[in-house]
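Chemist: Once you know that position 39 of the sequence shown is 97 in our numbering, the rest is easy, because the numbers rise by one and skip nothing. Note that the Cβ used here is the ideal one computed from N, Cα and C, for glycine as well. From a predicted model like this one, the values you see are computed outputs, not experimental measurements.
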Amino acid sequence: MGRWGEDHARRYLEGKGYTVSATNYRSRWGEVDIVAQQGEELVFVEVKTRRGAGFGTPEESVTATKSHRLIATAQDYLQKNGLEQSP
C-alpha cells in the first residue's frame, strides 16, 4: 500500500508541474519519500497512505520525533546537493 501511495503522490506532483528529483532519499536520520521542485520551490514529501480512518489520520502518524527526523533528512539533502542557504 505504501508504494501505491508514493507513486500516486509522485504522479500528482508531476501533474501540478513539479519535477521529482529524488524518491526514498535516505540519510543517517531517516528517509524522505519524495523530493520535488517547481521553479525556486523545493518540497520534501512524507507520504502516508490509509485505507480508512480506523488507523488515524495521516497527520497523526507524523510524531514530533518523525518530524525532527524529516527536517534533519531534508537538511542533509540540501547540504549534499549544494542547496543550503547562506546565513
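1. Can you give me the C-alpha to C-alpha distance between His66 and Ile92, rounded to a whole angstrom?
2. Under a Cβ-count criterion, where at least 16 other Cβ atoms within 10 Å of its own Cβ denotes burial, should Thr77 be classed as buried or exposed?
3. Cutting at 7 Å between CB atoms, please list the residues of its own chain near Pro145, excluding the five before and the five after it.
4. Based on DSSP bridge pairs, tell me the residues matched to Met84.
5. Please state if the CB of Val120 and the CB of Phe102 are separated by a distance shorter than 8 Å.
6. I'd like to know whether the C-beta atoms of Thr81 and Glu104 end up nearer to each other than 8 Å.
7. Rounded to whole angstroms, what is the Cα-Cα separation between Gly73 and Leu100?
Modeler: Based on what the coordinates show:
1. 11 Å
2. exposed
3. Low local confidence applies: a pLDDT of 48 at Pro145 is under 50, so the model's placement there is unreliable, with the coordinate-based value given in what follows. Taken in chain order, the list of residues that qualify is empty.
4. For clarity, residue 84 is Arg in the given sequence; the question names Met instead. Paired residues: Glu89.
5. no
6. Contact annotation: Thr81 and Glu104 have beta-carbon atoms that are not nearer than 8 Å.
7. Spanning the two alpha carbons is a distance of roughly 16 Å.
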